[in-house]
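Heads up: take any position in the sequence shown, counting from 1, add 11, and you land on this note's numbering.
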Amino acid sequence: MKVAILGGGAWGTTLAQVLVDNGHEVLIYDNNLVHLNKINQQMHPFFDVKISPTIKGTADLDKFLDFSSYLLIALPTASIRDVLYEINLKLKDKKVFINVSKGIEPETTKRVSQIVDEVISKKYNGGYVLLTGPSHSEEVIVKKLTLLTSSSKDLNLAKEIQKMFSNNEYLRVYVNDDVVGAEVGGTAKNAIAVVSGAATGLKLGENARAALITRGSVEIVRVVEAMGGQKETAYGLTGIGDLIVTASSENSRNFRAGRRIGEGVPLEQVFLESEQTIEGVRSIIALHEYAEKEGLYLPIISTAYRVLFEGLDVKEAIQKLLTGDLKEEKEI
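Spelled out as structure tokens, the structure:
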């Protein structure tokens with residue numbers, strides 16, 4: 012089977028290797044020539060790891076779209092709408108869209124599945140699947156055991172993608188039909204990971220960080236349900252599972268960004284230091300705006316927004332979050 016991968020970053024290139032390991036053919040599209048040169052020289056663009064010589068990269072969008080009826084989206088959410096507009100103008104046949112990006116569009120609070128439905132003409136939209144879960148690309152590329160979830164309204168399509176990516180060595184994929192819950196959970200955990208990193212940067216200790224992550228998990232469930240997802244999904248691989256791996260690891264770009272903010276580094280500098288997209292900051296913007304509009308109580312996410320964009324002192328903010336009025340825990 013052939014798969015066209017939109018984006019030759021850390022995750023897109025890693026999943027290309029997974030697919031090749033599973034016996035599939037891939038072609039990566041990217042307009043970053045540095046990434047493409049590394050890919051075409053059999054080097055991962057972000058990690059010191061050799062990749063298969065059968066993995067090829069191209070900047071020719073027409074060639075890319077002719078390659079396969081499966082199109083995997085591995086782009087920052089900020090870029091997805093514009094790139095899909097360009098793609099829609101060139102499509103000649105139906106594509107199945109496999110999304111591996113985590114985030115919500117801040118300007119519209121739209122999920123990626125909604126963006127695909129809005130931008131891609133119905134005659135070219137062959138279905139949507141979200142492939143997500145607790146997964147650091149630097150671990151997957153060296154074949155460390157990882158579990159993901161394939162989510163689609165069409166369970167048969169979810170199972171098709173499950174078989175495409177699963178193997179008996181290091182990657183196992185499970186299925187569900189709750190696309191909303193999986194998309195929102197993956198977005199919200201990025202926001203909480205930034206706050207967890209900030210607590211680490213402030214040297215507040217493991218106890219305080221554990222409390223923030225636990226309370227953050229409540230906000231994840233709350234926003235998943237508010238947007239129409241299922242609580243069970245929020246407690247699964249795509250929600251709490253992804254939160255655990257993201258909110259406590261230096262492998263997480265969102266955690267690292269939060270740590271630097273906690274250390275007093277300005278947000279602009281944090282962005283300059285990172286080679287990879289910090290989706291957590293965009294997630295904080297989107298979820299804060301959604302909470303304001305809907306009257307949803309998300310104290311950690313809203314406090315993070317005030318720290319990042321309204322000048323609230325980060326130490327004072329986290330201290331206040333963790334030293335509120337004494338009450339029953341279920342009332343927090």
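The beta-carbon is built from N, C-alpha and C at its ideal position, and this holds for glycine as well.
query                                                                                                                                                                         : result
Taking three-plus beta-carbon pairs below 8 Å as touching, is the segment 206-221 in contact with the segment 170-187?                                                        : no
Could you check if residue 201 is buried or exposed, using at least 16 other CB atoms within 10 Å of its CB as the buried criterion?                                          : buried
Can the beta-carbon of residue 289 be found less than 8 Å from the beta-carbon of residue 265?                                                                                : yes
Cα separation between residue 246 and residue 232?                                                                                                                            : 8 Å
Scan the segment 79-161 and note each continuous beta strand (DSSP E) run of 3 residues or more that stays entirely inside, going in chain order.                             : 81-84, 106-110, 136-143
Within 10 Å of its beta-carbon, does residue 153 have 16 or more other beta-carbons around it, so buried, or fewer, so exposed?                                               : exposed
On the three-state DSSP scale, how would you describe residue 242?                                                                                                            : helix
Taking Cβ to Cβ, would you say residue 159 is nearer than 8 Å to residue 248?                                                                                                 : yes
Touching or not, the segment 87-95 and the segment 53-70, by the rule of three or more beta carbon pairs under 8 Å?                                                           : no
Provide the residue(s) that pair with residue 187 in DSSP beta bridges, ordered along the chain.                                                                              : 162
Is residue 45 buried or exposed, if buried means 16 or more other CB atoms sit within 10 Å of its CB?                                                                         : exposed
Do you know offhand how far residue 63's Cα is from residue 114's?                                                                                                            : 29 Å
Residues bridged to residue 54 by DSSP?                                                                                                                                       : 61
Span of the beta strand (DSSP E) holding residue 15?                                                                                                                          : 13-17
Could you tell me the distance, in whole angstroms, from the CA atom of residue 32 to the CA atom of residue 189?                                                             : 28 Å
Could you tell me whether the Cβ atoms of residue 314 and residue 298 are closer together than 8 Å?                                                                           : no
Just the C-alpha distance for residue 15 and residue 73, rounded to the nearest angstrom, thanks.                                                                             : 12 Å
With DSSP as the reference, please indicate the residues paired to residue 39 in a beta bridge.                                                                               : 16, 68
Just to confirm my understanding: we take residue 111, look at its own chain, exclude 5 residues before and 5 after, and list those with CB closer than 7 Å. What are they?   : 22, 26, 83, 84, 85, 142, 143
With a 10 Å radius around its C-beta and 16 neighbouring C-beta atoms as the bar for buried, classify residue 145 as buried or exposed.                                       : buried
For residue 234, which residues in the same chain have their Cβ closer than 7 Å to its Cβ, ignoring the five residues on either side in sequence?                             : 195, 199, 298, 307, 309
Using three-state DSSP, classify residue 309 as helix, strand or coil.                                                                                                        : coil
Would you identify the three-state DSSP class for residue 47, choosing helix, strand or coil?                                                                                 : helix
Evaluate residue 156 with the Cβ neighbour count: other Cβ atoms within 10 Å of its Cβ, from every protein chain shown; 16 or more gives buried, anything less gives exposed. : exposed
Along the chain, where does the alpha helix (DSSP H) that runs through residue 324 open and close?                                                                            : Residue 324 -> no alpha helix (DSSP H), and no H or E assigned at all.
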